[in-house]
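Visitor: What follows is a single structure, and I will ask about it in a moment.
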Amino acid sequence: MNVLALDAAGRFSLTALRRSDETFYATSVYGQGAVRAVYSSVDQVLETGGLKVSDLDAIVVNTGPGSWTATRIAVTYTAGLAFGAGLRVYGYSGFALGKRIDARGVAFIDQLGKTVAEEGAGDAGFIVNLFVNEDGASYLADRRAWMDEMLKLGAEALAAGEPGDPLELRTTYFQEFLAGARN
Amino acid sequence: MGLVLGIETACDDTAAAVVDDELRIRSSVVWGQKQTHQAFNGVVPELAARRHAEVIMQVVKQALDEADVCLSDLSAIAVNNQHGLVRSVVVGVATARGLAVSQGLPLIPLHHVEAHVFSAIMSNPELFEEHICLAVAGGHNALIHVHEIGDYEVIGRTLDDSAGEAFDKVGSYLGLPFPAGAQVDALARGGNPKAYDFPRPKIKDGTLNFSFSGLKTPVRMVAEKLQSQDSAADVAASFERAVVDVLIAKTLAAAELRGVKQVSVVGGVACNTLLRQDLPKAAAERGIKVTLTPPRLCTDNAAMVAGLGQYKLRHGAVSKLDIDATPNAPLGRRAANYRPNQG
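In order, the protein sequence lines correspond to chains G and R. Going by the working numbering, the first sequence opens with residue 285, and the numbers climb by one from there. Going by the working numbering, the second sequence opens with residue 55, and the numbers climb by one from there.
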């Protein structure tokens, strides 16, 4: 099973590719423009893994919240790839992923949502890790588990026969999460 | 038969279309966002981008379905990557690149205003020859000397607001919902264009430039004191008369200055009833022929993008998928300093 994962919600565009028993990773910085950064990271990981889009079985994408423009590009780019190649594409919010990766995240995210809802984002007391001075390699190293979990989610969704319709793929915005419209 | 899919997301219309190699429009789908922006009396860029991202795949699918084709039937995908709101433009570019990569299709990046110029050519092939194009809409307002396709010289432009912006603003003064251009036009049909003598900005300044910002103030002052709907119609008609007088005077001056006998009018304001009625008459008196773009190609659409894409495909102007959004790109190589977004 070949699965591609894309996360452009943070400071770099991150990709991971699961090809049989091997996993490949790539990063791309936004300094070159968000559109180019997103597709470059996808091109790069496919090239490293020796696969074409048509060789994939599914794509997984972080639908946000995060960098509005880069996340939106990631969502629309993967929808285009999936629609064109007849692939399934699965979108998960960063919160859904965070809760799954670390049980401690459930309490943190629930508390974060509650605090922001009650006090506003300015007083929530959390740091968005967008502007931390970190190079691509260490950024990726910190997030390998995250990307691996995305690949795992994609493989599970595909095995379960979830539709993964590219026409239904949507970006997740923080306000929607707070309003309970998305999970 | 070579088919090109066009994708357009410059502002607040999400559009996709399929055009064949004889420039016949096989499908043209436009998904507007009027309701999203009406409460703000103008386009909110972030909201526009969100709506584009939500619907673009459905719009593309509908365009393919209506043309009764699959992606594998296409020869190329054309996309506007050079003009508009950056957050909106990137949605179209990302989608087009994703579709192109998945099918191994060439990408044709192009300029939104150039696609508008081409929309007139799609209805009159004589315009492949040298002509003057009045491009007038909400986001751009320019007089372009089209030497040939791809060779443009911007010889006049607005120094502040476009005519389309002025129509929308005057509409709001008259209590009409955004976007108000078509409604001001409809209201003006029942009004007296001589009721108010609004200024004709820069009409005799000896340049080909426009300025519509200053016209709004006297219109607003009159509109604020209005008592009846009849008076509103008079204001709309008088305002429209002033704008159209300027557009006609500058366009014909441009044609005469350049010794060109063909003129085209493109963009959303090209739908205006008075402009469509009076420009051909005034031009005919000076031996100039006018091509009015069909209304469905005037407002933002992807058929013009796909049509220009066909032309560029034929002439080898395709990208190696190395594309990015450059939404403030100049129009044509002769117009290095012209940025439509800056007026």
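All C-beta atoms, glycine included, are put in the ideal place defined by N, C-alpha and C.
Please classify R:Pro163 as buried or exposed, where buried requires at least 16 neighbouring CB atoms within 10 angstroms.
Guide: Numbered from its first residue, the second sequence carries residue 163 of chain R at position 109. That one is buried.
Visitor: Could you name the residues that DSSP lists as bridge partners for R:Val200?
Guide: Translated into positions along the second sequence, residue 200 of chain R becomes position 146. Note: R:Val200 sits in a beta bridge opposite R:His185 and R:Tyr206.
Visitor: Does the distance from the CB of R:Ala121 to the CB of R:Val72 come in under 8 Å?
Guide: Numbered from 1 along the second sequence, position 67 holds the residue referred to as residue 121 of chain R. Numbered from 1 along the second sequence, position 18 holds the residue referred to as residue 72 of chain R. Taking 8 Å as the Cβ cut-off, R:Ala121 and R:Val72 qualify as a contacting pair.
Visitor: Helix, strand or coil: which one does DSSP assign to G:Thr299?
Guide: On the first sequence, residue 299 of chain G is found 15 positions in, with the first residue counted as 1. Three-state DSSP puts G:Thr299 in a strand.
Visitor: Could you tell me if G:Gly364 is buried or exposed, where buried requires 16 or more neighbouring beta carbons within 10 angstroms of its beta carbon?
Guide: Here residue 364 of chain G is taken as the residue at index 80 of the first sequence, counted from 1. So G:Gly364 counts as buried.
Visitor: Are the CB atoms of R:Ala303 and R:Ile342 nearer to each other than 8 Å?
Guide: Against the second sequence, residue 303 of chain R aligns to sequence position 249. Against the second sequence, residue 342 of chain R aligns to sequence position 288. The answer is no: Cβ separation not under 8 Å.
Visitor: In the DSSP assignment, the beta strand (DSSP E) including R:Lys258 goes from what residue to what residue?
Guide: Here residue 258 of chain R refers to the residue found at position 204 of the second sequence. No beta strand (DSSP E) contains R:Lys258, which DSSP labels as neither H nor E.
Visitor: For R:Asp251, count neighbouring C-beta atoms within 10 Å of its own C-beta (all shown protein chains included) and say buried if the count is 16 or more, exposed if not.
Guide: Translated into positions along the second sequence, residue 251 of chain R becomes position 197. With fewer than 16 other Cβ atoms within 10 Å, it is exposed.
Visitor: Would you say G:Tyr323 reaches chain R, if we count a Cβ-Cβ gap shorter than 8 Å as a contact?
Guide: Reading the first sequence from its first residue, position 39 is the one you call residue 323 of chain G. G:Tyr323 counts as touching chain R.
Visitor: According to DSSP, which residues form a beta bridge with R:Asn135?
Guide: Here residue 135 of chain R refers to the residue found at position 81 of the second sequence. None; R:Asn135 has no bridge partner.
Visitor: Does G:Ala425 get closer than 8 Å to chain R when you measure Cβ to Cβ?
Guide: Reading the first sequence from its first residue, position 141 is the one you call residue 425 of chain G. So, not an interface residue.
Visitor: With three or more C-beta pairs closer than 8 Å as the rule, is the stretch 167-185 of chain R touching the stretch 356-375 of chain R?
Guide: Touching, per the Cβ criterion.
Visitor: Nearest to R:Ala103 by alpha carbon, out of R:Gly260, R:Lys223, R:Ser142 and R:Asp119?
Guide: Residue 103 of chain R sits at position 49 when you count from the first residue of the second sequence. Ranking the options by Cα distance to R:Ala103, first place goes to R:Ser142.
Visitor: Does any CB atom of chain G fall closer than 8 Å to the CB of R:Leu153?
Guide: Position 99 of the second sequence, counted from the first residue, corresponds to residue 153 of chain R. Yes, its Cβ sits closer than 8 Å to a Cβ of chain G.
Visitor: Note down, in chain order, every chain G residue with its Cβ under 8 Å from the Cβ of R:Lys115.
Guide: Here residue 115 of chain R refers to the residue found at position 61 of the second sequence. Those are Phe367 and Leu451, listed as they occur along chain G.
Visitor: With H, G and I counted as helix, E and B as strand and the rest as coil, what does DSSP make of R:Arg211?
Guide: Sequence index remark: in the second sequence, residue 211 of chain R carries index 157 (1-based). DSSP places R:Arg211 in strand when its eight states are reduced to three.
Visitor: Quick check on this structure: which residue in G:Phe308, G:Leu435, G:Arg302 and G:Val337 has the alpha carbon closest to the alpha carbon of G:Gly361?
Guide: Here residue 361 of chain G corresponds to residue number 77 of the first sequence, with the count starting at 1. It is worth fixing the name first, because residue 361 of chain G is Tyr in this sequence and not Gly. The shortest Cα separation from G:Tyr361 among G:Phe308, G:Leu435, G:Arg302 and G:Val337 belongs to G:Val337.
Visitor: Going by C-alpha distance, which of R:Thr68, R:Gly210 and R:Pro253 is nearest R:Gly260?
Guide: As a first step, residue 260 of chain R is located in the second sequence; it is residue number 206 there, counting from the start. It is R:Gly210 whose Cα lies nearest to the Cα of R:Gly260.
Visitor: Should G:Ser422 go down as buried or exposed, given a rule of 16 or more other Cβ atoms within 10 Å for buried?
Guide: Taking the first sequence and counting its residues from 1, one reaches residue 422 of chain G at position 138. G:Ser422 comes out exposed.
Visitor: Determine, using beta carbons only, whether G:Val344 and G:Ala289 come nearer to each other than 8 Å.
Guide: Locating residue 344 of chain G in the first sequence gives position 60, where the first residue counts as 1. Locating residue 289 of chain G in the first sequence gives position 5, where the first residue counts as 1. Yes. Within cutoff.
Visitor: Suppose the cutoff is 7 Å on Cβ atoms and the five residues either side in sequence are ignored; what does the same chain contact list for R:Ala220 look like?
Guide: The count along the second sequence starts at 1 and reaches residue 220 of chain R at position 166. Cβ neighbours of R:Ala220 beyond the five flanking positions: Phe266, Leu269, Lys270 and Val297.
Visitor: Is the Cβ of G:Asp341 closer than 8 Å to any Cβ of chain R?
Guide: Position 57 of the first sequence, counted from the start, is the residue given in the question as residue 341 of chain G. With 8 Å as the cut-off, G:Asp341 does not count as an interface residue toward chain R.
Visitor: Three-state secondary structure (DSSP) at G:Val416?
Guide: As a working note, residue 416 of chain G is residue 132 in the first sequence. Note that G:Val416 scores a pLDDT of 49, beneath 50, so its modelled location is shaky and nothing firm can be said.
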